[in-house]
Structures are given as C-alpha cells and as structure tokens.
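In order, the protein sequence lines correspond to chains A and B. Taking this note's numbering, the leading residue of the first sequence gets 64, the next gets one more, and so forth. Taking this note's numbering, the leading residue of the second sequence gets 52, the next gets one more, and so forth. This report refers to the structure that appears directly beneath it.
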Amino acid sequence: MVRTFIQRSLTYRALVELGEVGSLFWKTLRNLLKKPREHQTFLQQLEEIGVRSLPVVSLTAAFGGLVFGFQTYIGFHRYIGAGSEALGGPIITLALAKELIPILTGLMISGRVGSSMAAEIGTMKITEQIDALHSLGANPVRYLVVPRTLAAFFMTPCLTLYGDIIGVAAGYFYMVVLMGVNRVTYLTNTTQYLELWDVMTGLIKAAVFGVVIAVVGCWQGMETEGGAEGVGRATTRTVVISSITILILNFFISKALPASLSQ
Amino acid sequence: MIRIINLHKAFGDNQVLRGVELTVATGETMVVIGQSGSGKSVLLKHIIGLMKPDLGEIWVDDTEATKLDEDELQGFTRKFGMLFQGAALFDSMTVAENVAFGLERHTNYPREEIRRMVEESLARVGLHGVEDMLPYELSGGMKKRVGLARAIAYEPEIMLYDEPSTGLDPIRADAINDLINMLKRDMGVTSVVITHDMASSYKIADRIAMLYEGVILEVGTPDEIRNSRNPIVQQFIHGESQGPIKTW
C-alpha cells in the first residue's frame, strides 16, 4: 500500500520521467558518432524543422518586433520625454536578440515541430513500426532520435538568427518609418551599444531549446501507449513540457552567460 | 536452435510469462497457440531481443539473446525475419523502400541487385507492380504480404510470424501457409509462428506448443495435440466457450 502510494505521487512520477528523458538524451549522445549515419533522415528533418518553419517564425518575429517597438516608443515618450524615443533602438535590439526571439522561436518550433515528432514517432510506436525498425537491423534511437536532435540543434539557431533580422527590422520600421523617430540617432545608438555576443547569447539558447524540443518530442513519441488517444496525449505533453522547460532554462542560461564579453 | 529457459515477464502487476520453457530445433516450424492476451507476442518479441525478460534465458544457437547490448543486437537481428501482426510497414516509405530496408542494412549488395531482390520477394508473395505504392494505398491483406516480403527479402535463418493469416481471406491465408512450408523446405528456415488458426497450425507445424497462464502447457506434433487428453488443450483447439478455460 505504501509502495502504491509512493508510485502514484507526483514527485515519484516526475523523477521517473526525468530518468526516462535523461536516459534517452544519454543514448542520443552515445549514438551521435556511430555508424550507419542516417543522412537522408537528417536532411529531411533540416527541411522539416528549418524551411517549413520559416513562415511561422517570420510572422512571430515581425509582430514581436512591432509590438516591442510600440511599447518602447510609448515608454520613452511617456517617462523620458518627446524626442528620446530614438534611444530605444538598443533596448529593442538587445531584448529581441537575447530574449524575445529565441523564446518565441523555441515556442513556435515546440508547437509545430515537437508535437509533430511526438505524433509521428507515437504512431510508429503503436503500429509496431519501431519494433520493425529494430527487427530490420536499425537502432531506433540512431534512426529516429539522432537525426531529429541534430537537425533541431542546427536549425533552431538558424531560425532564431533569421527571426532576429526580421524582428529588428520590424522594430526599426515601427520606430523610424511609422513613428518618425530620428533614423541616424536610432541606428547610431543601436550599433554603439549592441555587441555580437548579444546575438550569440540568443543563438546559444536557441541551440539548447532545439535539443530540448527534439528530445522531449522523441521521448514522448517513444513512450506512447493506447492508440489514437495516446498519440494525442503525447503531442500535448510534448508542447507543455518543452514550452515550460524553454521558459525555465531561458532564465538560468541568461543568468549563467556573461552579460557582455567586453567588460 | 532456439532454447527458451525459465522465461518470466511482468508488466506492472500483470505477470504475463511465468517460466516458459521451449526448444525449437533448427529447421523446425513451431506453432505457439494460446488465448488472446496470453503472452504469445510477448514471447516472440523476447526471442528477437525487442524485450528484456525479468528472469530467464533465451539462447539462439550459441548466443544468449538476453545478454546482448544495443550494438550487438543489431547484428543479431540479421538472423531473423519478423512478420508483425499489423504488418508494421513504414508509412512514409513506398513498398519497394519498405522491402529494401532490411536488405540495405543487413547486406552490401549494389542498388541494382537490391532492386531485383525486392521484385523477387514481392513476386514470392504474389505482388507485382506495387513497388511505388505507399502503404495507405494497399488493402490489409496486401500490407501483410508486403510485410512478409520485407521479412524474407534478406533470406533470414529464423522467421518469426505474429498471426500471419489474420486479416487474409482463406485462399490467401493458405497461400501464406504454403509459403511458410516452402521457406522451410527450400531454405531450411526455422520458424516460430503465433496463431489462433488451427487449420493453419495443422498444415505448417512440426510441433505445436500451447501457452496458457504464462507457461507452456503442452508441446507435441499436430497429431499429439489433436489427440491430447488435456481438457484445456481440447477446449482451445475446438474453439469451445464451455470448459476449464474461463471465457471472460
């Protein structure tokens, strides 16, 4: 009875799940350099994660940049005074590159790609396709998880960099084109205070988020049980777990990484 | 030769296998019968290393399957071909890619040779001109036959069949029985077949084993099983709802 109570407790389940996902991550690392390498699956995943996410990342980054420009304009105008809005350039760029775009990209990829990984692998699990892979001499971790994790590791920073450009351009568009802020002051301030490290910080975070999304999606897929309902549960859990993990990790990575390399 | 020694497996509180002992000789066709949910598929998945037992050993020739690590298992599966209950075709691949999958991993044949072997395997199961179709375009019976073509394509030493005739019409089912017999006769393949179909069992089996409540209740030739004095075996092979086996 005590055993059953412990097994039903949330802490116990959380520890078991942490063990499962940790074990899958470790297996993925161990299989990274082993042959045969699944080049074709890797290329397919690069396209799936990267190219097909461009529209959603474009929209998210553009409206993220616009709304951030809007709020920055209001903030400077209200608290510092008319004419000071052009000083907001570095704030917009810094916040977008270091925090907003990596998080938004991570959340979008989690919703679009992580859930799709869980659904695809989950369906393979319940229709015995993963067992079939094994019986035909393919290691399921090497065949399914490694290419997805590698592709997410490379493509999430690429999408984030692309999102940075779109977001910063949208912020500039709002401030300079729509609100008539002084273009020279805006650009001079931005280039003066922005460091390459600020962009790098965002890209490092994005690479970590990519790995989290892929490993969580694959783990949930591999653990799927119970038919169509199980697949639905796996996709939902993937989005919830990876989104929360992204938000928590973002804070700790921000704290861990130096704010600037020039100091 | 396959030797299963004292095999135990539980899923949570559900003890599925409780000490299975079974030997399958090289070139023999062993049919395992038993109720739905009695652990027949679980037994099959242990033989190929898809599942690890809680206790017990499985020897395939001189290799103990339960002790192999992930990398060793990949080479070990070269000996086996497996037909899954629902065929388990890869959704995203064409029929030809499905059948070629094991060939590409288990052999070093050039692409042209693989293409030829794929066509030959499909022809063996009576399929022609389906190479470029996707699994969702096939009927249930065709999927099963593609699954069989995929399993036999690289000419494994041991074939594991999980309900090979389920979902097929009686004529196709009998054709699959002929194919199982042909693989044994021409290539000396050792087979373990899970089925509920007693007509198939009598036609293909060298020996039949009945799995009941987690153990092998009885093993014998088709005639010995047919004439068994065990009321559980008699109830099962005659498909009667009344008897010692509880229906619900």
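Idealized CB from N, CA, C, for every residue including glycine. From a predicted model like this one, the values you see are computed outputs, not experimental measurements.
List, in chain order, every chain A residue whose beta-carbon is nearer than 9 Å to that of H157 of chain B.
Those are L199 and G200, listed as they occur along chain A.
With C-beta atoms as the reference, is N202 of chain A less than 8 Å away from N94 of chain A?
Taking 8 Å as the Cβ cut-off, N202 of chain A and N94 of chain A qualify as a contacting pair.
Tell me which residue opens and which closes the alpha helix (DSSP H) that F135 of chain B is part of.
Element bounds for F135 of chain B: n/a, residue is neither H nor E.
In whole angstroms, what is the alpha-carbon distance linking P210 of chain A and Q107 of chain A?
Those two C-alpha atoms are separated by around 9 Å.
Within 8 Å of any Cβ in chain B, is that where the Cβ of E191 of chain A sits?
Output row for E191 of chain A: interface = yes.
Check the Cβ of F135 of chain B against every Cβ in chain A and list those closer than 9 Å, keeping chain order.
Within 9 Å Cβ-Cβ: T190, E191, Q192, D194, A195 and S198.
Are G200 of chain A and H157 of chain B touching if we call contact CB-CB under 8 Å?
Closer than 8 Å, so yes.
Applying a beta-carbon distance threshold of less than 9 Å, which residues of chain A neighbour I99 of chain B?
Chain A residues near I99 of chain B: D194, H197 and S198.
Jot down the residue ranges of each uninterrupted beta strand (DSSP E) in the segment 60-146 of chain B, minimum 3 residues, whole runs only, in chain order.
DSSP runs (the beta strand (DSSP E)) wholly in the segment 60-146 of chain B: 65-75, 80-84, 106-111 and 131-134.
Nearest chain A C-beta to G153 of chain B closer than 8 Å, yes or no?
Closer than 8 Å to some Cβ of chain A, the Cβ of G153 of chain B qualifies, so yes.
Taking C-alpha atoms, which residue in B:M233, B:L95 and B:I231 lies nearest to D213 of chain B?
Here the closest residue by C-alpha is B:L95.
Within a Cβ cutoff of 6 Å, which residues of the same chain sit near N228 of chain B, ignoring the five residues on either side of it in sequence?
So the qualifying residues of the chain are S251, K254 and I255.
Would Q38 of chain B and S279 of chain B be called neighbours here (beta carbons separated by less than 8 Å)?
Since the first residue of chain B shown is 52 and the last is 299, residue 38 of chain B is not available in this structure.
Along chain A, in chain order, which residues have C-beta atoms closer than 7 Å to that of K130 of chain B?
Simply none; closest approach about 10 Å.
Mind the definition here: the segment 304-312 of chain A touches the segment 69-82 of chain B only if three or more C-beta pairs lie below 8 Å; say whether that holds.
Verdict: no, contact absent.
Can you tell me where the beta strand (DSSP E) holding R115 of chain A begins and where it ends?
It is not in any beta strand (DSSP E) - R115 of chain A carries neither H nor E in the DSSP assignment.
Counting along the chain, where does the alpha helix (DSSP H) carrying M210 of chain B start and finish?
First-last for M210 of chain B: I209 to D213, but that is the beta strand (DSSP E), not the alpha helix (DSSP H).
Closest Cβ-Cβ distance between K60 of chain B and chain A: below 8 Å?
Taking Cβ atoms only, chain A never reaches closer than 8 Å to K60 of chain B, which makes this a no.
Against chain A, does A116 of chain B count as a neighbour if the rule is that its beta carbon must be under 8 Å from one of theirs?
So, not an interface residue.
Span of the beta strand (DSSP E) holding R280 of chain B?
Here R280 of chain B belongs to no beta strand (DSSP E), and DSSP marks it neither H nor E.
Buried or exposed, going by whether 16 or more other CB atoms sit within 10 Å of the CB of S72 of chain A?
Counting Cβ neighbours within 10 Å, S72 of chain A comes out exposed, since fewer than 16 surround it.
Go ahead and pull the three-state DSSP assignment for V294 of chain A.
V294 of chain A falls in the helix class under three-state DSSP.
Specify the secondary structure class of V169 of chain B as computed by DSSP and reduced to three states.
In the structure shown, V169 of chain B sits in a helix (DSSP, three-state: H, G or I).
Given a threshold of 16 other Cβ atoms within 10 Å of its Cβ, counted over all protein chains shown, does Y136 of chain A qualify as buried or as exposed?
Buried is the call here.
For M193 of chain B, which three-state DSSP category applies?
It is helical.
Just the C-alpha distance for S179 of chain A and V279 of chain A, rounded to the nearest angstrom, thanks.
Computed Cα separation, rounded: 12 Å.
If I measure Cβ to Cβ from L310 of chain A and keep anything under 8 Å in the same chain, skipping five residues before and after, which residues do I get?
Hits under 8 Å: I166.
Are F141 of chain B and F152 of chain B touching if we call contact CB-CB under 8 Å?
Against a cut-off of 8 Å, the Cβ pair of F152 of chain B and F141 of chain B comes out as a contact.
Compute the beta-carbon to beta-carbon distance between A138 of chain B and D194 of chain A, rounded to the nearest angstrom, for a pair I have assumed lies under 8 Å.
In fact, because the Cβ distance is near 12 Å, the residues do not count as touching under 8 Å.
With R175 of chain A as the anchor, note down where its alpha helix (DSSP H) starts and where it stops.
Element bounds for R175 of chain A: n/a, residue is neither H nor E.
Just list the residues that DSSP pairs T241 of chain B with in beta bridges.
DSSP lists B:I209 as partners of T241 of chain B.
Please list the partners that E121 of chain B has in chain A, where partner means a Cβ-to-Cβ separation under 7 Å.
Result: N202.
Taking C-beta pairs closer than 9 Å, name the residues in chain A that F141 of chain B reaches, listed in chain order.
Here the neighbours are M187, Q192, A195 and L196.
Are the Cβ atoms of T128 of chain B and S198 of chain A separated by less than 8 Å?
Cβ atoms of T128 of chain B and S198 of chain A: closer than 8 Å.
Give the secondary structure of V271 of chain A by DSSP, where H, G and I count as helix, E and B as strand, and everything else as coil.
Helix, per DSSP.
So, under 8 Å CB-CB, G128 of chain A and V231 of chain A are touching, yes? Tell me the CB distance rounded to an integer number of Å.
About 6 Å; that satisfies the 8 Å criterion.
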